[in-house]
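Protein chains in written order, with UniProt numbering: chain Z, 1 to 202; chain U, 1 to 202; chain F, 1 to 202; chain V, 1 to 202.
Think of the CB as a built atom: it goes at the ideal place given N, C-alpha and C, for glycine as much as any other residue.
Here the structure is laid out as structure tokens; the discussion comes afterwards.
There are 4 protein chains.
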Amino acid sequence: MTTRISLKEKQQKEREQLILEYAERVLLEKGYHDMSMDEIAIGVGVAKGTLYLHFPKKEDLVFTIVEPKMQSFLGSVEEAIALPVSPKEKLEFLLNRELSGAFFQFLLTSIPDMTTIFKSHEAEVNEILPKIFSGIHEMLNEGKREGLFDPDLPVEFMSSAFINLFEPHLYKEMVEARKMPVEVFNSHVSNVFFRGIMKIKE
Amino acid sequence: MTTRISLKEKQQKEREQLILEYAERVLLEKGYHDMSMDEIAIGVGVAKGTLYLHFPKKEDLVFTIVEPKMQSFLGSVEEAIALPVSPKEKLEFLLNRELSGAFFQFLLTSIPDMTTIFKSHEAEVNEILPKIFSGIHEMLNEGKREGLFDPDLPVEFMSSAFINLFEPHLYKEMVEARKMPVEVFNSHVSNVFFRGIMKIKE
Amino acid sequence: MTTRISLKEKQQKEREQLILEYAERVLLEKGYHDMSMDEIAIGVGVAKGTLYLHFPKKEDLVFTIVEPKMQSFLGSVEEAIALPVSPKEKLEFLLNRELSGAFFQFLLTSIPDMTTIFKSHEAEVNEILPKIFSGIHEMLNEGKREGLFDPDLPVEFMSSAFINLFEPHLYKEMVEARKMPVEVFNSHVSNVFFRGIMKIKE
Amino acid sequence: MTTRISLKEKQQKEREQLILEYAERVLLEKGYHDMSMDEIAIGVGVAKGTLYLHFPKKEDLVFTIVEPKMQSFLGSVEEAIALPVSPKEKLEFLLNRELSGAFFQFLLTSIPDMTTIFKSHEAEVNEILPKIFSGIHEMLNEGKREGLFDPDLPVEFMSSAFINLFEPHLYKEMVEARKMPVEVFNSHVSNVFFRGIMKIKE
DNA sequence: GATGAATGAGTGTTCATTCAT
DNA sequence: AATGAATGAACACTCATTCAT
């Protein structure tokens, strides 16, 4: 009995996963507006109603895709902060950890849309995003205080540059298409960033 | 007669300009999908049909807004290349010239949408964008050859970082909201970029 | 064995009763269209499928609620007719008996909906309603013959007025909200009706 | 030019009228929920979008049908009050005037639905309906004061009986199907009502 | 028998596009 | 050329009904 139930539940979870995976792909390809619920339903091979069984609104489906990415990013930020290493190494850790899951950039570049889309999830979004930024700023300021980072460069410039490193197109091109090893990719990205914000030693 | 025609033509051009200006504003505010042709028509004060006299498709209207931005960016790239200065100065010139007209970034951040939108203008887009990138790569490679830029950093990383500097959110926040002087803004951006890709002097 | 079966049957009946009671409440509150099968299932605490075990269609569930009300009304009509009293007293008996169980009026006021809803139960409806009316007409005609009721007033006017007395809003307002005693309510209603159709004595 | 415009406008008005007429018929036949916008569009012979050109919401279409009936009824109430005749004659005037436009009853019997439907028109509804009732009550109370109407019968019973006289089924049956002259119909209805609420002369 | 996940036809509504005037 | 009423395909979403377990 328990088995049967957990089987059903497993199938349900799997189906939900299928929907989410397909929807994520379409979302990245076409963007929020051009992703239709019909398309997802057909693509996954379920009825439209089934989609709505799992996700009451299109918004909710998309938010379910996007929210864990934000959470995971925030988690990494917090892990990084807690690391007993230098601010630079913290940020490097964060870069290495999150660069491949580059979906996060999608979020940030799509923020104009996202705010409209996530009206109903405003609270959650406004809970997570500021934490991410203040976490990054914390590390950057720590680095400034320690004389590692350029004290004249506002942290906003630094964090903006940092966030913009999570650019999925470059990742796709270099790692996926041109088969550049991830470590090499990461070290290049890291170099671009740190040599930029490092205080120049005289 | 010629005069009357050219008068009419002038009026037409003016009207077209009015449409484009209004549409650009709405486009930036609301994004492609939430900008409706009705809204433009009402806002400009013409009939919806008139819009379609000038632009056969919504896509075309938007492309007409976006295309000159790309062209102008390409023009700046070519100007920069032709400048009798160092590659670094060429890129600085390009940054200063285009950073404020940050519309170009709109394109890039909206790429998820844009690719779907500009299916019918694929040819033109594929005409301009590669030229832009190869122009930038040309300057970067020149800098590499001259020993100015890190020879180990693929130009794609450099250009990606460069392009991502055209981030309108930061500009809005710092220059428009916090009243940072444009020159200061530009120098920060420039610093972030160049100290990053510059070869470290031993 | 018989016992167990009848136990099961009893449980089934009870469950059916539960469904009907809950559905009737919702039906009266929200009307046919805004009463959803989901809501009923959740409210009663059974699975949606179970509803369909008892009632193959939503229509059938509703008809099962409504039909006994019609039958009971018809029963009262027949009882009234059989009473060894004057036609007026027969109708008074009917009024007093059915006024409070004013559900019958629901039927009549919802006729716009009902006719569409009960397409599949047309036969049964057309079995009962005409009997009700002809019963009432019988009493009215009897009264006419006996010189009690206005001979010039077609019975259709009389029965229409009679039926329209079963108006649940007034009942709710006066008895439920303003705590008017039911007997007083009934006597007012009765007065309105009879003084209207009574032959004026010269 | 003026002619052409007024021609267009006339056509528009005519089309709107066509929509309203068709919709009213369907509304009466099927009720609010079973009247679909598709059906109306097809029935009238226009595209669905055209419906929405005239009426932004289904609610609005229905309200446009219903509102003038309420207004006209209210108008008649006010006219009746202003008449320099006895309260009885005022009410008779009202009956004669409005009985044929029996759509008003639809309103009242459908009030359960209507309140939900007309959320967005609540203000207007709550503007008109209470005025209608207080107008009728005014006449009834006047009659009571003058010793014409039963002082023991609450006006609510009287007005409820009055309103319920506007029963379209009886009208259809007698006047439309059985070709009873309207005047005869009206006088019967009037009799049913007044002999009922008249104070019995001792 | 009981379940509730799955279904899919149907709904109201939007909006880019067309075309008679 | 300019208009804006008309179009209809497309969309997100609902819900009575079914059926595998």
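Helix, strand or coil at residue i according to DSSP, with G and I counted as helix
i	result
F166(U)	coil
F55(Z)	coil
residue 207(V)	In this structure chain V extends from 1 to 202, so residue 207(V) is not present and cannot be described.
M180(Z)	coil
Y171(Z)	helix
H33(U)	coil
CB-CB length for residue i against residue j, believed under 8 Å
i	j	result
S159(Z)	L95(Z)	Contact doesn't hold; Cβ gap of about 13 Å is too wide.
F118(V)	E59(V)	7 Å
E156(V)	L170(F)	7 Å
L74(V)	K131(V)	6 Å
R195(F)	R195(V)	6 Å
M70(F)	I136(F)	No, M70(F) and I136(F) are not in contact; Cβ-Cβ is about 13 Å, not under 8 Å.
Whole-angstrom distance between residue j and residue i, CA atom to CA atom
i	j	result
F63(Z)	S72(Z)	14 Å
I42(U)	F133(U)	38 Å
G147(V)	L91(V)	15 Å
G49(U)	L20(U)	15 Å
S6(F)	R15(F)	14 Å
G34(F)	R25(U)	It should be pointed out that residue 34(F) corresponds to Asp in this sequence rather than to Gly. Each residue's Cα considered, the two are about 44 Å apart.
F193(F)	P68(V)	31 Å
K179(V)	T115(F)	24 Å
residue 253(Z)	I163(Z)	The shown model of chain Z, from 1 to 202, leaves out residue 253(Z), and the question about it has no answer.
M139(U)	K172(U)	28 Å
E183(U)	V175(U)	10 Å
F55(Z)	F166(F)	46 Å
P151(Z)	H188(U)	12 Å
A47(V)	Y32(V)	20 Å
I40(Z)	Y22(Z)	7 Å
E124(Z)	K13(V)	49 Å
F93(U)	P181(U)	17 Å
A177(Z)	A177(U)	40 Å
L51(Z)	I65(Z)	14 Å
G45(Z)	Q17(Z)	13 Å
L153(V)	K88(V)	15 Å
E122(V)	K57(V)	15 Å
D38(Z)	D38(V)	21 Å
N186(U)	E78(U)	20 Å
A161(V)	N141(V)	15 Å
S86(U)	S100(U)	22 Å
K30(U)	P168(U)	15 Å
Host alpha helix (DSSP H) of residue i (start-end)
i	result
S76(U)	K58 to A82
M139(Z)	E122 to R145
F149(Z)	Where F149(Z) is concerned, there is no enclosing alpha helix (DSSP H), given that its DSSP letter is neither H nor E.
M37(U)	M37 to V44
L99(U)	P87 to L99
Exposure label - residue i; buried when at least 16 CB within 10 Å
i	result
P84(F)	exposed
E98(V)	buried
T3(Z)	Residue placement at T3(Z) is poorly supported in this model, since its pLDDT is 48, which falls under 50; the coordinates still yield a value, given next. Per the 10 Å Cβ criterion, exposed.
N126(U)	exposed
L61(U)	buried
L53(F)	exposed
G143(U)	buried
S36(V)	exposed
H82(U)	Note on identity: in this sequence residue 82(U) is Ala, with His being the wrong assignment. By the 10 Å Cβ count, A82(U) comes out exposed.
S120(Z)	exposed
S76(V)	buried
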